[in-house]
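Read the structure below first, then the notes.
In our numbering, the protein residues as written are 12 to 186.
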(Lines of atoms letter the chains of each structure in order from A and count residues from 1; the text may use other names and numbers.)
(Lines give C-alpha, C1' and ligand atoms only; values in the text may rest on other atoms or scores of the structure.)
Protein backbone atom coordinates (compact mmCIF):
# COMPACT_ATOMS: atom_id res chain seq x y z
CA UNK A 1 0.00 0.00 0.00
CA UNK A 2 1.30 3.45 -0.87
CA UNK A 3 0.30 6.60 0.96
CA UNK A 4 1.33 10.21 0.52
CA UNK A 5 1.25 12.96 3.11
CA UNK A 6 1.79 16.55 2.06
CA UNK A 7 2.45 19.47 4.32
CA UNK A 8 4.52 22.51 4.97
CA UNK A 9 7.95 21.54 6.30
CA UNK A 10 7.60 23.08 9.74
CA UNK A 11 7.79 21.44 13.14
CA UNK A 12 4.05 21.93 13.91
CA UNK A 13 2.98 20.11 10.74
CA UNK A 14 5.56 17.40 11.33
CA UNK A 15 4.30 16.87 14.88
CA UNK A 16 0.73 16.54 13.60
CA UNK A 17 1.78 13.96 10.99
CA UNK A 18 3.77 12.07 13.63
CA UNK A 19 0.73 11.98 15.97
CA UNK A 20 -1.45 10.78 13.09
CA UNK A 21 0.97 7.95 12.26
CA UNK A 22 1.11 6.90 15.92
CA UNK A 23 -2.72 6.85 16.12
CA UNK A 24 -2.79 4.78 12.94
CA UNK A 25 -0.41 2.28 14.55
CA UNK A 26 -2.48 2.15 17.77
CA UNK A 27 -5.66 1.58 15.79
CA UNK A 28 -4.42 -0.90 13.17
CA UNK A 29 -1.30 -2.41 14.77
CA UNK A 30 0.45 -1.81 11.45
CA UNK A 31 3.67 0.04 12.06
CA UNK A 32 5.01 2.43 9.45
CA UNK A 33 8.26 1.04 8.04
CA UNK A 34 10.95 3.71 8.19
CA UNK A 35 13.03 1.58 5.80
CA UNK A 36 10.34 1.89 3.12
CA UNK A 37 9.40 5.50 3.87
CA UNK A 38 10.94 8.52 2.16
CA UNK A 39 10.87 12.22 2.93
CA UNK A 40 11.45 14.62 0.01
CA UNK A 41 11.94 18.36 0.48
CA UNK A 42 11.95 21.26 -1.93
CA UNK A 43 15.16 23.22 -2.39
CA UNK A 44 13.74 26.08 -0.31
CA UNK A 45 14.40 24.43 3.05
CA UNK A 46 17.65 24.60 4.98
CA UNK A 47 19.63 21.48 5.81
CA UNK A 48 19.01 22.14 9.50
CA UNK A 49 15.20 22.11 9.00
CA UNK A 50 15.43 18.96 6.89
CA UNK A 51 17.51 17.17 9.53
CA UNK A 52 15.21 18.11 12.41
CA UNK A 53 12.06 17.00 10.58
CA UNK A 54 13.73 13.81 9.40
CA UNK A 55 14.85 12.93 12.93
CA UNK A 56 11.43 13.74 14.42
CA UNK A 57 9.65 11.40 11.98
CA UNK A 58 12.56 8.92 11.92
CA UNK A 59 12.36 8.84 8.13
CA UNK A 60 15.33 9.38 5.82
CA UNK A 61 15.41 12.34 3.46
CA UNK A 62 15.47 11.58 -0.27
CA UNK A 63 15.67 13.68 -3.43
CA UNK A 64 13.16 11.41 -5.24
CA UNK A 65 10.36 9.03 -4.26
CA UNK A 66 10.97 6.70 -7.18
CA UNK A 67 8.33 5.99 -9.81
CA UNK A 68 4.55 5.69 -9.74
CA UNK A 69 2.58 4.69 -12.87
CA UNK A 70 5.79 5.22 -14.84
CA UNK A 71 6.42 8.77 -13.66
CA UNK A 72 9.30 9.94 -11.54
CA UNK A 73 7.89 11.28 -8.29
CA UNK A 74 9.89 14.31 -7.34
CA UNK A 75 9.41 17.84 -6.15
CA UNK A 76 9.38 20.31 -9.03
CA UNK A 77 9.04 20.15 -12.79
CA UNK A 78 9.76 16.87 -14.57
CA UNK A 79 12.20 16.83 -17.49
CA UNK A 80 10.77 16.01 -20.94
CA UNK A 81 12.60 12.67 -21.08
CA UNK A 82 10.27 11.44 -18.31
CA UNK A 83 7.34 11.60 -20.76
CA UNK A 84 8.92 9.63 -23.61
CA UNK A 85 7.31 6.37 -22.49
CA UNK A 86 3.89 7.91 -23.26
CA UNK A 87 5.06 8.76 -26.78
CA UNK A 88 6.38 5.20 -27.14
CA UNK A 89 2.96 3.81 -26.19
CA UNK A 90 1.17 6.16 -28.59
CA UNK A 91 3.62 5.26 -31.36
CA UNK A 92 2.33 1.68 -31.29
CA UNK A 93 -0.33 3.00 -33.68
CA UNK A 94 2.37 3.02 -36.34
CA UNK A 95 2.49 -0.76 -36.06
CA UNK A 96 -1.00 -0.94 -37.54
CA UNK A 97 -1.19 -0.86 -41.30
CA UNK A 98 -3.41 2.17 -41.82
CA UNK A 99 -3.98 1.40 -45.49
CA UNK A 100 -5.81 -1.81 -44.52
CA UNK A 101 -8.21 0.03 -42.22
CA UNK A 102 -11.10 2.29 -43.14
CA UNK A 103 -11.21 5.88 -41.89
CA UNK A 104 -13.84 4.86 -39.32
CA UNK A 105 -11.67 1.99 -38.07
CA UNK A 106 -8.64 4.29 -37.74
CA UNK A 107 -10.79 6.79 -35.82
CA UNK A 108 -11.98 4.08 -33.40
CA UNK A 109 -8.42 2.83 -32.94
CA UNK A 110 -7.21 6.35 -32.12
CA UNK A 111 -10.08 6.83 -29.65
CA UNK A 112 -9.57 3.53 -27.89
CA UNK A 113 -5.78 3.54 -27.65
CA UNK A 114 -3.93 6.70 -28.44
CA UNK A 115 -6.41 9.09 -26.83
CA UNK A 116 -6.93 6.89 -23.78
CA UNK A 117 -3.22 6.57 -22.92
CA UNK A 118 -2.52 10.26 -22.21
CA UNK A 119 -5.91 10.69 -20.48
CA UNK A 120 -4.89 8.05 -17.94
CA UNK A 121 -1.76 10.00 -17.00
CA UNK A 122 -3.43 13.42 -17.19
CA UNK A 123 -5.49 12.48 -14.15
CA UNK A 124 -2.57 13.27 -11.88
CA UNK A 125 -0.01 15.20 -13.93
CA UNK A 126 -0.10 17.92 -16.57
CA UNK A 127 1.57 16.86 -19.79
CA UNK A 128 3.90 19.41 -21.40
CA UNK A 129 2.51 21.09 -24.52
CA UNK A 130 5.28 19.67 -26.71
CA UNK A 131 4.34 16.10 -25.70
CA UNK A 132 0.65 16.81 -26.41
CA UNK A 133 1.62 18.22 -29.80
CA UNK A 134 3.65 15.12 -30.68
CA UNK A 135 0.77 12.84 -29.65
CA UNK A 136 -1.59 14.82 -31.89
CA UNK A 137 0.92 14.55 -34.76
CA UNK A 138 0.99 10.75 -34.44
CA UNK A 139 -2.82 10.61 -34.32
CA UNK A 140 -3.15 12.92 -37.33
CA UNK A 141 -0.65 10.95 -39.41
CA UNK A 142 -2.35 7.66 -38.56
CA UNK A 143 -5.84 9.00 -39.26
CA UNK A 144 -4.93 10.05 -42.79
CA UNK A 145 -2.75 6.99 -43.43
CA UNK A 146 0.62 8.74 -43.53
CA UNK A 147 3.79 6.79 -42.80
CA UNK A 148 7.37 7.88 -42.20
CA UNK A 149 8.16 7.28 -45.89
CA UNK A 150 4.87 8.30 -47.49
CA UNK A 151 2.95 11.44 -46.54
CA UNK A 152 -0.75 11.60 -47.36
CA UNK A 153 -2.71 14.77 -47.86
CA UNK A 154 -4.78 15.78 -44.85
CA UNK A 155 -8.31 16.20 -46.12
CA UNK A 156 -9.57 18.21 -43.14
CA UNK A 157 -7.88 20.50 -40.62
CA UNK A 158 -7.02 18.85 -37.26
CA UNK A 159 -9.12 21.42 -35.40
CA UNK A 160 -12.14 20.33 -37.46
CA UNK A 161 -11.37 16.64 -36.84
CA UNK A 162 -11.23 17.23 -33.08
CA UNK A 163 -14.45 19.24 -32.96
CA UNK A 164 -17.65 17.54 -31.80
CA UNK A 165 -19.81 15.49 -34.12
CA UNK A 166 -22.59 18.06 -33.72
CA UNK A 167 -20.26 20.65 -35.25
CA UNK A 168 -19.30 18.39 -38.16
CA UNK A 169 -16.12 16.91 -36.67
CA UNK A 170 -15.14 13.35 -35.89
CA UNK A 171 -15.29 13.86 -32.14
CA UNK A 172 -11.67 12.92 -31.49
CA UNK A 173 -10.13 14.55 -28.44
CA UNK A 174 -7.25 16.90 -28.89
CA UNK A 175 -4.50 16.11 -26.41
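Ideal Cβ placement from N, Cα and C applies to all residues, glycine included.
Being a predicted model, the structure only gives us computed values, none of them experimental.
query	result
Integer-rounded CB distance, given that residue 153 should sit under 8 angstroms from residue 121	6 angstroms
Identified DSSP bridge partners for residue 78	83
Residue(s) in a DSSP beta bridge with residue 50	72
Spatial neighbours of residue 78 in its chain, beta-carbon cut-off 7 angstroms, leaving aside the 5 residues before and after	84
Cα-Cα separation, residue 169 to residue 54	42 angstroms
Chain-order list of residues whose beta-carbon lies under 7 angstroms from that of residue 101 (same chain, five-residue window excluded)	125, 128, 146, 149
Three CB pairs or more closer than 8 angstroms across the region 42-53 and the region 67-75	yes
Own chain, CB closer than 8 angstroms to residue 132, minus 5 neighbours either side, in chain order	80, 81, 82, 97, 138
8 angstroms Cβ cutoff met for residue 91 and residue 49	no
Option in 136, 52, 142 with minimal Cα separation from residue 185	142
Straight-line Cα distance separating residue 25 from residue 189	What the structure shows of the chain is the stretch from 12 to 186, and residue 189 is not part of that stretch, so it cannot be assessed.
Residue 64 classed as buried or exposed, judged by whether at least 16 other C-beta atoms fall within 10 angstroms	buried
Residue 137 (DSSP reduced to helix, strand or coil)	coil
Classification of residue 94 by the beta-carbon crowding that lies within 10 angstroms, buried from 16 upward	buried
Buried or exposed by the 16-neighbour rule on C-beta atoms within 10 Å, applied to residue 30	exposed
Cutoff 6 angstroms; reference residue 163; Cβ partners in own chain excluding five residues on either side	155, 156, 157
Span of the alpha helix (DSSP H), counted from its first residue to its last, around residue 39	22-39
Pair within 8 angstroms by beta-carbon distance, residue 183 and residue 118	yes
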